[in-house]
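Following: one structure in structure tokens, then a few remarks.
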Amino acid sequence: MQDELRTKATDKEFLLSIIDNNFELPSNIDAYTFAQALLPNFGSTDSELRDDLSYMVLARGIIDKQLLSQERLGNLLETVLDDQHLFYRLGSTATDAIFMRSFSNLIIAALLFNDERNPAFDETTIQSIKRRLLQYAEQEKDWRGYIEGKGWAHALAHLSDALDECAQHPHMVESDRKEIMQQISKLASLPRALYNEEDIRLAKVPYHIILGHQVNEDFIESWLETCTPTRDTDVISWTRVTNSKNFLRSLYFLLYWDSTGAVLADQIADQLKHLDEVYLERR
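Reminder that position 222 of the sequence shown reads as 210 in my numbering, one-by-one numbering, no gaps.
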């Protein structure tokens, strides 16, 4: 049965038929067993199988439709957080292992989103997720976006989605959200040029926290200071500053477009002006 399900899990036409049938699994397929059969696909270099089919079936056809019991949700979570999934060959760069790590973040995000509506995880579990995500964020070295011939890796964007769902979970408190925002400030100034809209995916995490008044204003003010590294003359330093400026610009516009965040948006604008003052006309 396991081999049969694994064959079905890699059958694109079969997966597409599930999607076309409003994400309904055939009645003779056990949802949890099929979810497990889908997991290896997230390490595939076939973007259609990995992204368009497997992720959609697992997230929308199994998790969103609440086909898993509380115990099975916990089992699935434990699996995607392990060394063969989120932490698979963590620290390696320019290898296909990034797909498994990156897409594990998306599965975690889907599980957290579902848990906010239909609680299955206790506070201890949510704290464990937060710790694992922050550990992953510190240790990941491969931040490629789109990989020619293999599709999106986009680990930073997918991690941002997971951190966003984690930060908004009811079991999170102010100190947890501060930890997450501190990690976001580090990610915003990575030494690798980010040009696949990672900036706005990152920015939505503090945006939601700020709009929800989930951390105090003094912390936000001091946190903003940490979002901009010192600009030296070397290329890596300039890359870090450029990434952080793009992040702050994205956060600025998210807050500016939302009237409740206008005051903070002005503070960010002042910070950006200070960074780019050298370019202002002096006549």
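Glycine is no exception: its CB is placed at the ideal position from the N, C-alpha and C atoms. These numbers were taken from a predicted model, which means no experiment stands behind them.
- request: Would you mind working out which of Asp149, Met160, Ile95, Leu100 sits nearest alanine 191, comparing C-alpha positions?
  value: Walking along the sequence shown from the start, residue 191 turns up at place 203. The residue with the shortest Cα to Cα distance from alanine 191 is Asp149.
- request: Mind checking which residues open and close the alpha helix (DSSP H) that includes threonine 21?
  value: Along the sequence shown, one-based indexing puts residue 21 at 33. For threonine 21, the uninterrupted alpha helix (DSSP H) segment begins and ends at 19 to 26.
query: Is isoleucine 224 buried or exposed, if buried means 16 or more other CB atoms sit within 10 Å of its CB?
result: The residue labelled residue 224 in the question sits at position 236 within the sequence shown. Flag for isoleucine 224 reads exposed.
- prompt: Near leucine 55, what residues of its chain come up, given a Cβ to Cβ distance below 6 Å and the 5 sequence neighbours on each side ignored?
  reply: As a first step, residue 55 is located in the sequence shown; it is residue number 67 there, counting from the start. The answer, listed in chain order, is Ala19.
query: Excluding the five sequence neighbours on either side, which residues of its own chain have a C-beta within less than 8 Å of the C-beta of glutamate 209, listed in chain order?
result: The residue given as residue 209 occupies position 221 in the sequence shown. Excluding residues within five positions, the ones whose Cβ falls inside 8 Å are Gln255.
- request: Could you say if the stretch 260 to 270 and the stretch 242 to 252 meet the contact criterion of at least three C-beta pairs nearer than 8 Å?
  value: Flag = no, the stretch 260 to 270 and the stretch 242 to 252 do not touch.
Simplified DSSP assignment, three categories, for tryptophan 245: For the purposes of this step, residue 245 is taken as the residue at position 257 of the sequence shown. In this structure, tryptophan 245 counts as helix in the three-state DSSP scheme.
- prompt: Quick one: is tryptophan 226 buried, meaning 16 or more other Cβ sit within 10 Å of its Cβ, or exposed?
  reply: Stepping through the sequence shown from its first residue, residue 226 is reached at position 238. By the beta-carbon neighbour count (other beta carbons within 10 angstroms, threshold 16), tryptophan 226 is exposed.
- request: Kindly indicate the opening and closing residues of the alpha helix (DSSP H) around histidine 146.
  value: By one-based count along the sequence shown, residue 146 stands at place 158. Unbroken alpha helix (DSSP H) run through histidine 146: 143 to 155.
message: When you compare the CB positions of histidine 146 and leucine 94, do they come within less than 8 Å of one another, or not?
response: Position 158 of the sequence shown, counting from 1, holds the residue named residue 146. Position 106 of the sequence shown, counting from 1, holds the residue named residue 94. Contact: yes.
Collapsed DSSP secondary structure at tyrosine 183 in the structure displayed: Counting from one through the sequence shown, the residue named residue 183 turns up at place 195. In the three-state reduction of the DSSP assignment, tyrosine 183 falls in the coil class.
- prompt: From what residue to what residue does the alpha helix (DSSP H) around asparagine 204 run?
  reply: As a working mapping, residue 204 is identified with position 216 in the sequence shown. No alpha helix (DSSP H) holds asparagine 204; DSSP gives it neither H nor E.
Whether serine 238 touches threonine 216 by CB criterion (8 Å): As a working note, residue 238 is residue 250 in the sequence shown. As a working note, residue 216 is residue 228 in the sequence shown. 8 Å or more divides the Cβ of serine 238 from the Cβ of threonine 216.
query: Grouping DSSP H, G and I as helix and E and B as strand, with all else coil, what is tryptophan 140?
result: Locating residue 140 in the sequence shown gives position 152, where the first residue counts as 1. Of the three classes helix, strand and coil, the one that applies to tryptophan 140 here is strand, per DSSP.
Opening and closing residue of the alpha helix (DSSP H) in which isoleucine 168 lies: Position 180 of the sequence shown, counted from the start, is the residue given in the question as residue 168. Unbroken alpha helix (DSSP H) run through isoleucine 168: 162 to 175.
- request: For aspartate 103, count neighbouring C-beta atoms within 10 Å of its own C-beta (all shown protein chains included) and say buried if the count is 16 or more, exposed if not.
  value: Position 115 of the sequence shown, counting from 1, holds the residue named residue 103. Aspartate 103 comes out buried.
task: Sort out for me which residues DSSP pairs isoleucine 135 with in a bridge.
output: One-based indexing of the sequence shown puts residue 135 at position 147. Note: isoleucine 135 sits in a beta bridge opposite Gly139.
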